[in-house]
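Residue numbers (this note's numbering): 343 to 972.
For reference, the structure discussed in these notes is given below.
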């Protein structure tokens, strides 16, 4: 009995890191189902709702999906899901949480017996507390389904190769599975198509059997044909300007930045530090013990998995860049991380190749340090209890309760970086973005920044804003503008300056009420302004001290952020075509008020706005001397 107990204790001592990592991953997976409706839908999710939130059937889903750049399979599935339980945040996000957990489980199955339990545990734990997995597990978009399909491609490709090596027979069922997953992946996300292509290329490379190679080529051609047909239909039907109207870009700086962002979102903070330690240990071991020092510590199956993972990851990066030039810009960190399960293979390999083996006290300490570093990322889970997304819901509640504004028309800023300023996209923004959380029957109309501030004069809009400004003294609704997407703190204040000098508004002051949401800072969260409501205040009395106008609407603690008051003081002295503004800030934390005078150029031109443009045109830009049309 005593020798048996000793063996049990010894096995437990060797495997304790695997148990620790398993517990970390289990906690992260459990929290994927916590607070599914704590954060409101963000813009991309609201677009998902636009595609599926109707009773028009799959034909209407198809029609609306063609206005997007993502393939329709996820939309078809989510449409059926919404028929069962509605379109609330928790219900629509639940499949993403399930897919995220399944992606980890399928990857674990793929890596089983190819890496040690501790290495698999490290890879899955580090991944489950990554920023990408955290965000996408509660995002009603196709990314976690894409990860699950990528994990399936990883598992089926390794199983196919293993079966062929063991029996040298035609692996028809494994090939059919790879084909089915590749087809589904390509119709879910275009970068899963690239992943499937790299998997098939790897199979061609490692399996010399001509029958298998012929079947792989046939599968690849069929998958490609289905997706080429869809892309052809998409490019002829989409209303998006996919060739430069979106935020994607081309160029080495952009590609490098997005690749670095993908690495950061894959292993963040403590998990990133743990991975760096393993990489340094691998370099040291390779330098000290020679070329085979790392590979000798990894089982044969692990080396095969590493080979596949490198082929896919490098291939997706290269082909993503090629596609961005040849078809349309699409390279982004999120798109790259649809192949995240293959990156998880690299984490497992690093642990087995250079990680601690628990044979000495030093290796025990190293193992404990790695566990603690990864466990430190669990603080990320506190984000499940706060608002993390754009403030659509809170700003809508504020607008609905503004004094005198019940039933009044509401001007909103068109999300000009999301799509073109066509009537269809303006209606989309008004009805499905701002309108989703707005009070019933609210009259919403979306306007471009140049229209709001009078550079491109719209008579009806100018009259509405002038009336609201006059109400600051006469009484009534003072709401000027509601803006959420494509605005940050700086651009909101720039827009407020241009509103303050717009015809019919001056000399009234502009109040800007900000709203709070959480943004990740390492593995913790800090509150930042996101979402802005602009309303008019009476002119300031000469020499009056800076006084906080106070919250126009009472909302729960933690919702309202700082308030700003912008006052036009007049033309700037010594500067041509510029104005001076008094900028006052009143902190929601109760800090002392702050104020400063700033000089801003007076710009009259109305240049077309694209995704990379600032809210106010550069006065030195070509054509900016052209006066605004009237």
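By construction, the Cβ of each residue, glycine as well, lies at the ideal position given by its N, Cα and C atoms.
Note that the coordinates shown come from a computational prediction; the quantities given were computed from them, not determined experimentally.
Ignore the nearest five residues each way along the sequence and tell me which others in residue i's own chain have a CB closer than 7 Å to its CB.
| i | result |
| --- | --- |
| residue 890 | 905, 928, 935 |
| residue 793 | 800, 803 |
| residue 846 | 804, 807, 808, 811 |
| residue 733 | 826, 857, 859, 872, 873 |
| residue 839 | 908, 923, 942 |
| residue 914 | 920, 921, 922, 941 |
| residue 881 | 849, 850, 851 |
| residue 501 | 516 |
| residue 608 | 472, 474, 679, 682, 685 |
| residue 611 | 718, 719, 864, 865 |
| residue 910 | 842, 843, 848, 849, 921, 923 |
For residue i, tell me which candidate among the options has the shortest Cα-Cα distance.
| i | options | result |
| --- | --- | --- |
| residue 524 | 547, 555, 503, 490 | 490 |
| residue 871 | 884, 895, 834, 839 | 834 |
| residue 412 | 526, 472, 357 | 526 |
| residue 498 | 538, 509, 472 | 538 |
| residue 621 | 605, 558, 693 | 693 |
| residue 616 | 895, 715, 952, 875 | 715 |
| residue 867 | 364, 813, 965, 722 | 722 |
| residue 815 | 883, 830, 769, 864 | 883 |
| residue 895 | 363, 767, 427, 740 | 740 |
| residue 416 | 529, 610, 452 | 529 |
| residue 939 | 901, 900, 888, 955 | 888 |
| residue 836 | 956, 607, 449 | 956 |
| residue 645 | 781, 565, 691, 568 | 691 |
| residue 453 | 507, 439, 657, 688 | 688 |
| residue 813 | 878, 784, 778 | 878 |
| residue 377 | 778, 726, 548 | 726 |
| residue 449 | 744, 494, 961, 843 | 494 |
| residue 661 | 650, 651, 673 | 673 |
| residue 520 | 565, 572, 487 | 565 |
| residue 398 | 704, 410, 422 | 422 |
| residue 782 | 824, 738, 764 | 738 |
Just to confirm my understanding: we take residue i, look at its own chain, exclude 5 residues before and 5 after, and list those with CB closer than 6 Å. What are they?
| i | result |
| --- | --- |
| residue 395 | 429 |
| residue 747 | 819, 821 |
| residue 469 | 475, 686 |
| residue 863 | none |
| residue 546 | 555, 558 |
| residue 382 | 731, 734, 735 |
| residue 657 | 540 |
| residue 536 | 658, 661 |
| residue 729 | 381, 859 |
| residue 767 | 761 |
| residue 345 | For residue 345, the pLDDT reaches just 45, beneath the cut-off of 50, and the residue's location in the model is therefore unreliable, leaving the point undetermined. |
| residue 351 | Its pLDDT being 37, under 50, residue 351 is placed unreliably by the model, and nothing is read from it. |
| residue 583 | The predicted position of residue 583 is uncertain, since its pLDDT is 49 and thus under 50; no value can be drawn from it. |
Assuming residue i contacts residue j under a Cβ cut-off of 8 Å, what Cβ separation, rounded to an integer in Å, is found between them?
| i | j | result |
| --- | --- | --- |
| residue 291 | residue 359 | Outside the displayed span of the chain (343 to 972) sits residue 291, for which this structure offers no information. |
| residue 828 | residue 762 | Wrong, their Cβ atoms sit about 13 Å apart, outside the cutoff. |
| residue 753 | residue 787 | 6 Å |
| residue 719 | residue 873 | The Cβ separation is near 28 Å, so there is no contact. |
| residue 388 | residue 933 | Not confirmed; about 34 Å, so no contact. |
| residue 390 | residue 483 | 6 Å |
| residue 684 | residue 492 | 7 Å |
| residue 653 | residue 543 | 7 Å |
| residue 590 | residue 671 | 4 Å |
| residue 367 | residue 446 | 7 Å |
| residue 434 | residue 420 | 7 Å |
| residue 624 | residue 695 | 6 Å |
| residue 643 | residue 456 | 3 Å |
Which partner residues of residue i appear in the DSSP bridge assignment?
| i | result |
| --- | --- |
| residue 928 | 905 |
| residue 938 | 925 |
| residue 989 | Past the boundaries of the shown model lies residue 989; the chain is included only from 343 to 972, so the question cannot be answered. |
| residue 856 | 874 |
| residue 910 | 923 |
| residue 454 | 457 |
| residue 754 | 788, 824 |
| residue 869 | 860 |
| residue 879 | 851 |
I'd like the list of long-range same chain contacts for residue i, defined as Cβ closer than 8 Å, with 5 residues on each side in sequence excluded.
| i | result |
| --- | --- |
| residue 772 | 754, 786, 787, 788 |
| residue 575 | 408 |
| residue 586 | Because residue 586 carries a pLDDT of 48, less than 50, the predicted location of this residue cannot be relied on, and no value is offered for it. |
Segment contact, 8 Å Cβ cut-off, at least three pairs: the stretch 373-382 with the stretch 477-488: yes
Validate contact between the stretch 838-854 and the stretch 903-922 using beta carbons, cut 8 Å, 3 pairs: yes
Should the stretch 660-680 be regarded as contacting the stretch 450-460, the criterion being three or more beta carbon pairs within less than 8 Å? no
Just checking, does the stretch 694-702 make contact with the stretch 632-646 on the three C-beta pairs under 8 Å criterion? yes
With contact counted as at least three CB pairs below 8 Å, one residue from each stretch, are the stretch 589-607 and the stretch 673-681 in contact? yes
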